[in-house]
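What follows is a short report on a single structure.
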Amino acid sequence: MIAEDRVVNVLNWSDYIAPDTIARFEEETGIKVNYDVFDSNEVLETKLLTGHTGYDVVAPSDFFLERQAKQGIFLPLDKSKLPHYHNLDPMVMSQLQAVDPGNRFGIPYSDVVTGIGYNVAAIKKVLGDQPLDSWSMIFDPKNAEKLKACGLTMLDSEAEVFFSAKLWLGLDPASERREDLQATEIMLRAVRPSVREFHSSKYISDLANGETCVALGWSGDVLQARDRAREAGKGIEIVFLIPKEGGMVTFDMLAIPADAPHPDNAHKFLDFLMRAEVAAAFTEARKYPSGNAAAERLVSPELASDEIIFPPADVRVRLKPHRAESLMYTRYANRAWTRVRTGH
Amino acid sequence: MNLASLKRAAQRLLPSGGWYVIAIPYLWLLLFFLIPFLIVLKISFANIALAMPPVEPVFVWTQEQILQIRLHFSNFGFVFGDSLYIEAFLTSVRIAGVSTLLALLLGYPMAYGIARAPSGWRNVLFLLVVLPFFTSFLLRVYAWLGLLGRSGPLNGLLLHLGLIHEPLQLLQTDFAVYVGMVYSYLPFMILPLYSAIEKLDLNLLEAAADLGCRPAQVFFKITLPLTKEGIFAGCLLVFIPAVGEYVIPALLGGPDTLMIGRVVWDEFFANRDWPVASALAIVLLVLLAGLVLLLQRIQAREEAT
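As given, the protein sequences belong to chains S and F, one line each in that order.
Our numbering numbers the first residue of the first sequence as 2 and each following residue consecutively.
Our numbering numbers the first residue of the second sequence as -9 and each following residue consecutively.
Here it is in C-alpha cells:
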C-alpha cells in the first residue's frame, strides 16, 4: 500500500470536540488534522451523496447513517486498526445495531437529547408560576406568544422540531402518515410568529448572554450555555428540560467515507477519540456522554452525577430514538418544514 | 482543375480567419453555459434516489441494447403545484425590481455627475466606483452585518442622537436585503449609465435650452430619452443577478425573506431534491429569458419608429 500523506480531513459538528484533542493527536502522530465544521445533517448528506468530499472522517447522526450506509457511502471499519474499540459501551453498541447492523460502519461519538433550554428568571417573569414540565411551554401558542418578547429560538432542523412537535401532539413520531405531518405543520405554523430564529448553533451564546430566553435545542449545547452564563457571572441561570411527553435521542456517529483519501489516518483518528481519557475530555468540555464506558469511569464526580448528561432510568424511558424515514416522506416533511420556517 | 481553383475550393470549406476569433467566445459559451444548462435540464427530468449522485439516471442502456429514456415531468408539476415556489418567485421579482429602481435613482445622478465632472476628476471618481470590487463580495456583505447590527454604528448613531431609545432590529429584515442589494449592484448600474451619458451631445441640450426648454424639460425630453440604452442595460445588469441572489438574503435577510435563490439552495442541500431544484432553475431561466426578450423587442420596435 502506498503510504498516505500525513493528513486527515475531518468534518464534525460545530462546538463538538475538547479544545486540546486535535493538538494532542497532531503532536503524538505527526498527522495534520484539517478540521471543518457543519451544523446540519441534511447538508452533510448532500455533500456525501455528491461524492468526492475529500473528507476522511464525518459525523452523521445515527438515523442519517442508517440510510446512508445502505448506499455504500461508508467504508466498513477495520476493527484491527482500532485497538481502543473495546472501550465502547456494549449496551450502546447493541442498541446501535438497529441502525448499523453488525456495527460495521460507525462508532458512537456523542449521545444527544433534544429538549428545552431556558433562562429560569426570564421564564418565570413571562410565564409565571405554571409548572414547567411539558412541551406546551413552547408549543402552546398562548405560551409562545408570551415568550416572543424575551426570545424563543428553535433548531434549524426538520427532524428535531417535527419529532418534538409530534410528541406534544400525542402522535407517533415515527409515523409517516400525511395527516400527521399536516397536523404537525398546522400546529407549528401557529407558533411560528413567536419564533425569533431557527438556528442550530448560535443559540448557545444567545442563551448564555440573555439575548434569548428559551430554545428548542440539544442537551449538551444548553449545558454549555449554562456554563458560559456561570462564567460570565451576570446571574443568568440556564436549565435543560426533558419534557414529560418525551424527547428525541440520537447518537452522533463517526464514519469514514468510502472514497476517503486517507483511510489509514482516519482509523488512527477514530481510535484516538475512543481512548478513555480523550472521550472523557470531550464529555467534560461539551457535556455530552460519549457511549464510551471506559471514559464514563473517568469523568469528574460532578459531571457523573449530572442528571441531564446521564439521565436516571425514569427519565431514560422518556427518550425516543429517531428512525430513518423513507425518501418520499422526507421530501414532504422538508417542504412542510420550509413552509413553517419561512412563515409562508 | 488547376492548383489555384483547388485552393479556392479548400478555402471555401475551411472557416475563414474571422471565424476563429468568434469561435473562442462561442467555445466559452458552449463549455460554461450550454453544457451545464443541459446537465441541469437532464436532472430536472430525473427522479430522486438515495444514491451518488442522488438522482436516478434519465438515459439507461439496457441489456437488450435498448436506450430507455425516462422523463419525470412531475418535478415541474411540483414547482407549479406548490404556492411556496410561486410566492418565492414573486418575492424575488419584487425585491429585485425595487432594488433596481433604487439603484437607478441613486446611480443616475452619480453617473451624470461623473460624466460631467472635469476630465481630471473623472478618472478618480470612476476609480471610486470600481474600487469596492477589489474586496471580496462576501466580505463586503459581511461588513453590513457589523454596520447594521444591534450594537453597530448605525444604531449607535441613532441612539446617540436620541432618535431611538432601543436599538432597531435592522438585520434579518427586508430593509437589510435592499441595502445589501443596492450597495452590491450599484456599480453595475453606474457603468452603463456613465457611458451613455458621456456620449450625449451637449449641443442638443444647449439647443433645447435656447429654444425655451426649462432644465427639467431638457432632462425629461432630451437627456433621458437619449440615455435610454444605458438605463436599459444598467437595469438588466442589476435586475437579473438580483433575482437569483442567494448570499445577500441568506446573510442579511430574515427567515421569512423567501427568495428563489434560497429556495433552490434548500431544495438542493436540505431536501437533497436535485430534480426539483433543477426544475426551479429551468423555470426561472425561461421566465427571465422571456422577460428580457420581450423588453428587447419593445426597445427594438421603439427604435424602428
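The beta-carbon is built from N, C-alpha and C at its ideal position, and this holds for glycine as well.
None of the values given here were measured: they were computed from a predicted structure.
Between residue 72/S and chain F, the shortest Cβ-Cβ separation is below 8 Å. Between residue 210/S and residue 237/S, the alpha-carbon positions lie close to 8 Å from each other. Taking the beta carbon of residue 41/F as reference, the chain S residues within 8 Å of it are 50 and 72, listed in sequence order. C-alpha of residue 47/S to C-alpha of residue 37/F: approximately 16 Å in a straight line.
For the C-beta of residue 263/F, the chain S residues within less than 8 Å are, from N- to C-terminus, 332 and 335. Take the alpha-carbon of residue 168/F and the one of residue 10/S: they are about 39 Å apart.
Your pair residue 20/S and residue 286/S checks out as a contact, with CB atoms roughly 6 Å apart and the cut at 8 Å. In summary, residue 17/S is buried, with 16 or more beta-carbon neighbours lying within 10 Å of its beta-carbon over all protein chains present. With contacts defined by Cβ atoms closer than 8 Å, residue 340/S and residue 85/S do not form a contacting pair.
The DSSP-derived three-state label of residue 55/F is coil.
Judged by their CB atoms, residue 134/S and residue 264/S are not nearer to each other than the 8 Å cut-off. Counting along the chain, residue 230/F sits inside the alpha helix (DSSP H) bounded by residues 218 to 233. A Cβ of chain F is located within less than 8 Å of the beta carbon of residue 342/S. Counting of Cβ neighbours within 10 angstroms places residue 87/S among the exposed residues, the total staying below 16. If the five residues before and after residue 338/S are omitted, its C-beta is found closer than 6 Å to the C-beta atoms of 159, all from its own chain and listed in chain order.
One Cα belongs to residue 219/S, the other to residue 125/F, and the distance between them is close to 38 Å.
For residue 259/F, the C-beta contacts it makes with chain S under 7 Å involve 43, 44 and 47, in order along the chain. The way I'd put it, the stretch 93 to 113 of chain S does touch the stretch 69 to 77 of chain S; three or more beta-carbon pairs between them come closer than 8 Å. At least 8 Å separates the CB of residue 27/S from every CB of chain F. Distance from the CA atom of residue 271/F to the CA atom of residue 183/F, rounded to whole angstroms, is 30 Å. Pairing residue 27/S with residue 71/F, the inter-Cα distance amounts to about 53 Å. Measuring C-alpha to C-alpha distances from residue 237/F to each of 143/F, 267/F and 134/F identifies 134/F as the nearest. Check the Cα spacing between residue 278/F and each of 233/F, 247/F and 252/F: the tightest is with 233/F.
Taking a contact as a CB-CB distance under 8 Å, the pair residue 222/F and residue 289/F counts as one, their CB atoms being some 6 Å apart.
Here residue 308/S is exposed. Its C-beta has fewer than 16 other C-beta atoms within 10 Å. In the same chain as residue 305/S, and ignoring 5 residues on each side of it, the C-beta atoms closer than 8 Å to its own belong to 297 and 311, in chain order. If you draw a straight line from the Cα of residue 154/F to the Cα of residue 192/F, it comes to about 47 Å. Of the candidates 286/F, 291/F, 280/F and 269/F, 269/F places its Cα closest to the Cα of residue 67/F. Annotation: the continuous beta strand (DSSP E) that includes residue 111/S extends over 107 to 120. Counting only Cβ-Cβ distances below 7 Å, residue 157/F has no contacts in chain S at all, with the closest Cβ about 12 Å away. Within the stretch 135 to 181 of chain F, the runs of alpha helix (DSSP H) that reach at least 4 residues and sit entirely inside it are, in chain order, 143 to 150.
For residue 265/F, the enclosing alpha helix (DSSP H) covers residues 264 to 294. For residue 69/S and residue 201/S, the gap between their C-alpha atoms comes out near 22 Å. Note that the stretch 141 to 155 of chain F does not touch the stretch 173 to 190 of chain F; fewer than 3 beta-carbon pairs, one per stretch, sit closer than 8 Å. When DSSP reads this structure, residue 239/S sits in a beta bridge with 120/S.
In the structure shown, residue 210/S falls within a coil segment according to DSSP collapsed to helix, strand and coil.
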